[in-house]
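Engineer: I am attaching a structure below and will ask some questions about it afterwards.
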Amino acid sequence: MSSTALLERRLVTVTDPTQGRAARAVGVYEGYNPRTVAQGESALPIEEKPRRFEGDSTWYRRFRRLLVILDSVVLTAVITGTFSWRMNYPDVFTGTIAPGRYAVIGVVLLFLWIALLGAQGTRRRNCVGVGVVEYQRVVKASLWLFGLVAIFSFIVQMPVARFMFVLTLPMGVVALIAERWVARTVLNRRRQREGRYMTPALLVGPVADIATMVSDIAKVRGAGYRPVAICVTDGTAGRELPPALRQLHRIRLEDVSADLTDDGIGAIMILGGLSKMEIRHISWEMEKSPVEFILQASITDITGPRMSSQAAEALNLVYVDLPKYDGWELVLKRAFDVVFSALALVILSPVLGTVALLIKLSDPSAPVIFRQERIGRDGEPFTIHKFRTMCVDAEDQIDSLINENGGSSLLFKLENDSRITSLGHALRKYSLDELPQFWTVLKGSMSVVGPRPQVQREVDEYTNVHMRRLLIKPGITGLWQVTGRSKLTAEEAIRADLRYVENWSIVTDLLIIVKTLFVVIKGVGAY
376 MSSTALLERR
386 LVTVTDPTQG
396 RAARAVGVYE
406 GYNPRTVAQG
416 ESALPIEEKP
426 RRFEGDSTWY
436 RRFRRLLVIL
446 DSVVLTAVIT
456 GTFSWRMNYP
466 DVFTGTIAPG
476 RYAVIGVVLL
486 FLWIALLGAQ
496 GTRRRNCVGV
506 GVVEYQRVVK
516 ASLWLFGLVA
526 IFSFIVQMPV
536 ARFMFVLTLP
546 MGVVALIAER
556 WVARTVLNRR
566 RQREGRYMTP
576 ALLVGPVADI
586 ATMVSDIAKV
596 RGAGYRPVAI
606 CVTDGTAGRE
616 LPPALRQLHR
626 IRLEDVSADL
636 TDDGIGAIMI
646 LGGLSKMEIR
656 HISWEMEKSP
666 VEFILQASIT
676 DITGPRMSSQ
686 AAEALNLVYV
696 DLPKYDGWEL
706 VLKRAFDVVF
716 SALALVILSP
726 VLGTVALLIK
736 LSDPSAPVIF
746 RQERIGRDGE
756 PFTIHKFRTM
766 CVDAEDQIDS
776 LINENGGSSL
786 LFKLENDSRI
796 TSLGHALRKY
806 SLDELPQFWT
816 VLKGSMSVVG
826 PRPQVQREVD
836 EYTNVHMRRL
846 LIKPGITGLW
856 QVTGRSKLTA
866 EEAIRADLRY
876 VENWSIVTDL
886 LIIVKTLFVV
896 IKGVGAY
């Protein structure tokens with residue numbers, strides 16, 4: 376194509392009134408036709424978009440500045456405190472320097488620490504407010520700093536490096552993590568109670584994927600997104616949208632451009648339904664805007680640590696590590712289970728004794744411990760141990776109750792179950808009935824963290840996808856426990872279990888255990 380012909384093509388594309396803003400949004404590319412996408416949604420009633428969407432796309436800039444200030448205050452206190460202690464007790468560590476040089480080293484250390492926290496992305500929007508990545512990056516930045524300090528100290532023979540590793544580093548890391556946790560707690564509390572600090576988001580994709588994402592975002596308010604508009608990419612002409620999407624503004628694909636940032640859009644989520652070239656051109660249009668550009672992974676429920684990318688000229692590949700259910704990782708998980716469950720049984724023995732006594736006094740003729748066969752790893756049955764919270768003949772009534780309530784056994788639970796005793800309601804609210812399961816963990820049939828243990832009648836209703844829950848041992852707690860407990864639907868609970876199975880790690884287990892403590896103390900969502 377000659378340069379004159381190319382110029383004519385460019386002028387026609389930009390000035391074509393039937394395409395409107397589509398030409399600006401996608402640019403000019405050989406063989407690309409924006410009308411092919413617009414046809415799928417042309418029959419949908421498209422509302423005139425408001426002058427400005429509800430939300431706050433600028434909250435992140437303010438919150439990031441706040442984190443810089445908090446980091447500076449916390450690290451100043453840690454460095455001042457540890458350096459002052461070092462000067463007051465010079466004989467504890469070998470070697471000393473003049474007081475004036477302590478001040479210089481402290482100031483340099485402070486600025487380097489703050490800079491590395493920024494360089495490692497500890498304040499990026501995609502990690503503040505939710506998940507463990509923020510904490511991991513804080514630890515990584517701190518270790519990098521003190522690695523550099525160690526190298527420099529060895530070269531110049533600086534005598535203060537040892538005490539910095541013993542005092543300043545661990546105290547600084549603990550203080551930073553505590554500070555970030557407090558900041559995150561306040562941020563998410565404001566989001567939950569006031570609806571503030573939420574980024575208005577435009578969701579682009581098929582209707583089914585948009586509906587799923589809207590539901591997921593509603594459950595994870597800590598992520599900080601509020602869906603305000605949608606752009607449907609599949610052929611939905613003449614079909615009514617799901618109720619959850621009817622209140623959202625609908626935007627044509629040709630209107631998806633940098634101009635949306637002027638209307639308050641802070642994030643665009645591409646969920647599917649577009650070709651690689653269409654996604655590329657939209658991203659080009661967003662380059663000079665502050666909007667977040669988010670792509671949903673084609674393989675769902677796979678988290679970052681299992682994904683890596685490699686670029687080789689025109690070949691861009693994303694690698695996904697397959698989950699491992701054997702090897703040293705499981706050996707480490709089993710060692711953690713043994714130590715944790717043994718300590719739990721010893722420390723909680725007064726609570727175990729008290730609960731057992733209360734159950735016995737409430738019904739001297741009934742057993743204190745409820746035993747039931749459950750299905751464990753690889754479909755192997757095992758016996759679970761729990762404090763009894765129901766009447767003695769509760770299992771004899773289960774079949775009739777299931778039939779009266781839809782006939783599905785999968786994660787069957789009743790919010791107002793007449794079989795539960797008055798004491799049982801209190802035990803279930805605070806998960807005290809689960810404590811004897813630490814003995815089951817110690818024996819090796821369960822893990823502290825894992826999928827929810829289920830009975831055979833539930834496993835009989837599993838699909839092939841559900842069977843993946845049996846790849847690892849069931850747990851006393853899990854993602855189902857910290858994301859809603861009994862309030863979750865059967866599919867939501869199974870999806871949480873599958874997400875854990877696909878991405879489990881020791882770090883994840885520790886995080887779930889900590890979250891479980893807060894969930895149990897609140898006593899919300901259990902029955």
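Using this note's numbering, you'd call the opening residue of the sequence shown number 376 and step up by one each time.
The beta carbon of each residue, even a glycine, is placed where N, CA and C say it ideally should be.
#1: From this set, L542, A710, L492 and E667, which residue's C-alpha is nearest R440's C-alpha?
#2: Note down the Cα distance separating D591 from F438, rounded to an integer number of angstroms.
#3: Quick check: the Cα distance between R655 and A619, rounded to an integer number of angstroms?
#4: Check whether the segment 724–740 and the segment 802–812 touch, using three or more Cβ-Cβ pairs below 8 Å as the test.
#5: Taking the alpha-carbon of E809 as reference, which of I480, R870, N839 and L723 has the nearest alpha-carbon?
#6: Tell me which residue opens and which closes the alpha helix (DSSP H) that H841 is part of.
#7: Skipping 5 residues on each side, what residues in its chain have a beta carbon closer than 7 Å to that of L445?
#8: Taking the C-alpha atoms as reference points, what is the distance between L886 and Q567?
#9: Buried or exposed for A418, please, with buried defined as at least 16 other CB atoms from any protein chain shown within 10 angstroms of its CB.
#10: Going by DSSP, what residue range makes up the beta strand (DSSP E) through F813?
#11: Got a sec, what are the start and stop residues for the beta strand (DSSP E) S822 sits in?
#12: Compare the C-alpha of M842 against each of Q831, K651 and F893 and name the closest.
#13: Measure the CB-CB distance between P849 and G751 and report whether it falls below 8 Å.
#14: Can you look up E667 in the DSSP assignment and give me helix, strand or coil?
#15: On the CB-based measure, 16 or more other CB atoms within 10 Å of its CB, does R746 come out buried or exposed?
#16: From E615 to I643, what does the alpha carbon distance come to, in whole angstroms?
#17: Taking just the CA atoms, how far does Q671 sit from N839?
#18: Could you pull out every residue in the same chain whose Cβ sits closer than 7 Å to the Cβ of R396, ignoring the five residues on either side in sequence?
#19: With a CB to CB cut of under 6 Å and the five nearest residues on each side skipped, what residues in its chain are close to A719?
#20: For R763, which residues in the same chain have their Cβ closer than 7 Å to its Cβ, ignoring the five residues on either side in sequence?
#21: Would you give the residue range spanned by the beta strand (DSSP E) that F540 belongs to?
#22: Who does Y600 pair with in a DSSP beta bridge?
#23: Is W434 buried or exposed, if buried means 16 or more other CB atoms sit within 10 Å of its CB?
#24: Count the other C-beta atoms from every protein chain shown that fall within 10 angstroms of the C-beta of F893, then say buried if there are 16 or more, exposed otherwise.
#25: To the nearest angstrom, report how far apart V514 and V548 are at their CA atoms.
#26: Might you give, ordered along the chain, the residues of its own chain that have their beta carbon closer than 6 Å to the beta carbon of S820, omitting 5 neighbours on each side?
#27: Who are V579's beta bridge partners in DSSP?
#28: With respect to the beta strand (DSSP E) encompassing E748, which residues constitute its N-terminal and C-terminal limits?
#29: Helix, strand or coil: how does DSSP classify G850 here?
#30: For T883, name the three-state secondary structure that DSSP assigns.
Structural biologist: In brief:
#1: Start at 1 with the first residue of the sequence shown, and residue 440 comes out as number 65. Nearest option by C-alpha distance: L492.
#2: Mapped onto the sequence shown, residue 591 falls at position 216. Mapped onto the sequence shown, residue 438 falls at position 63. Cα atoms of D591 and F438: separation of roughly 24 Å, rounded to the nearest angstrom.
#3: Residue 655 sits at position 280 when you count from the first residue of the sequence shown. Residue 619 sits at position 244 when you count from the first residue of the sequence shown. Cα atoms of R655 and A619: separation of roughly 29 Å, rounded to the nearest angstrom.
#4: The segment 724–740 vs the segment 802–812: in contact.
#5: Position 434 of the sequence shown holds residue 809. Comparing Cα-Cα distances from E809 to each of I480, R870, N839 and L723, the minimum goes to L723.
#6: As a first step, residue 841 is located in the sequence shown; it is residue number 466 there, counting from the start. Careful: H841 lies outside any alpha helix (DSSP H) and carries neither H nor E.
#7: Numbered from its first residue, the sequence shown carries residue 445 at position 70. Leaving aside the five residues that flank L445 on each side, the residues in its chain whose CB is nearer than 7 Å to its CB run, in chain order, E554 and A558.
#8: Within the sequence shown, numbered from 1, the residue matching residue 886 stands at position 511. Within the sequence shown, numbered from 1, the residue matching residue 567 stands at position 192. Straight-line Cα distance between these residues: approximately 21 Å.
#9: Position 43 of the sequence shown, counted from the first residue, corresponds to residue 418. Any reading at A418 is ruled out, since the residue's pLDDT is 37, under 50, leaving its predicted position unreliable.
#10: Counted from its first residue, the sequence shown places residue 813 at position 438. Run containing F813: none in the beta strand (DSSP E); it sits in the alpha helix (DSSP H), Q812 to K818.
#11: As a working mapping, residue 822 is identified with position 447 in the sequence shown. If you look at S822, you'll find it in the beta strand (DSSP E) that goes S822 to V824.
#12: Taking the sequence shown and counting its residues from 1, the one referred to as residue 842 is at position 467. The option with the nearest alpha carbon to M842 is Q831.
#13: Taking the first residue of the sequence shown as position 1, residue 849 is located at position 474. Taking the first residue of the sequence shown as position 1, residue 751 is located at position 376. Pairing P849 with G751 gives a Cβ-Cβ distance under 8 Å.
#14: Mapped onto the sequence shown, residue 667 falls at position 292. In the three-state reduction of the DSSP assignment, E667 falls in the strand class, which pools E and B.
#15: Along the sequence shown, one-based indexing puts residue 746 at 371. Burial call: exposed.
#16: Within the sequence shown, numbered from 1, the residue matching residue 615 stands at position 240. Within the sequence shown, numbered from 1, the residue matching residue 643 stands at position 268. The straight-line gap from Cα to Cα measures roughly 23 Å.
#17: The residue labelled residue 839 in the question sits at position 464 within the sequence shown. The residue labelled residue 671 in the question sits at position 296 within the sequence shown. Inter-residue distance for N839 and Q671 is about 24 Å (C-alpha atoms, whole angstroms).
#18: Counted from its first residue, the sequence shown places residue 396 at position 21. With a pLDDT of 34 at R396, under the threshold of 50, the modelled position of this residue cannot be trusted; read the value that follows with caution. Only residues of its own chain outside the window of five on either side were considered, and among them E629, D630 and S632 have a CB closer than 7 Å to the CB of R396, listed in chain order.
#19: Residue 719 sits at position 344 when you count from the first residue of the sequence shown. Excluding residues up to 5 positions away in sequence, F813 lie with their Cβ nearer than 6 Å to the Cβ of A719 in the same chain.
#20: In the sequence shown, counting from the first residue as 1, residue 763 sits at position 388. The beta carbon of R763 sits closer than 7 Å to the beta carbons of I734, A741, P742, V743, I744 and F745 from its chain, once the five residues preceding and following it are set aside; these are given in chain order.
#21: In the sequence shown, the residue the question calls residue 540 occupies position 165. Element bounds for F540: n/a, residue is neither H nor E.
#22: Within the sequence shown, numbered from 1, the residue matching residue 600 stands at position 225. Paired residue(s): T574.
#23: Within the sequence shown, residue 434 is the residue found at index 59, counting from 1. By the 10 Å Cβ count, W434 comes out buried.
#24: Reading the sequence shown from its first residue, position 518 is the one you call residue 893. Counting Cβ neighbours within 10 Å, F893 comes out exposed, since fewer than 16 surround it.
#25: Here residue 514 corresponds to residue number 139 of the sequence shown, with the count starting at 1. Here residue 548 corresponds to residue number 173 of the sequence shown, with the count starting at 1. Inter-residue distance for V514 and V548 is about 6 Å (C-alpha atoms, whole angstroms).
#26: In the sequence shown, residue 820 corresponds to position 445, counting from 1. Only G751 and F757 meet the Cβ criterion.
#27: Taking the first residue of the sequence shown as 1, we reach residue 579 at position 204. For V579, which the question treats as bridged, DSSP gives the partners C606 and I645.
#28: For this step, residue 748 is matched to residue 373 along the sequence shown. Run containing E748: I744 to I750, per the beta strand (DSSP E) assignment.
#29: Numbered from 1 along the sequence shown, position 475 holds the residue referred to as residue 850. Note: G850 maps to strand in three-state DSSP.
#30: Position 508 of the sequence shown, counted from the start, is the residue given in the question as residue 883. In the structure shown, T883 sits in a helix (DSSP, three-state: H, G or I).
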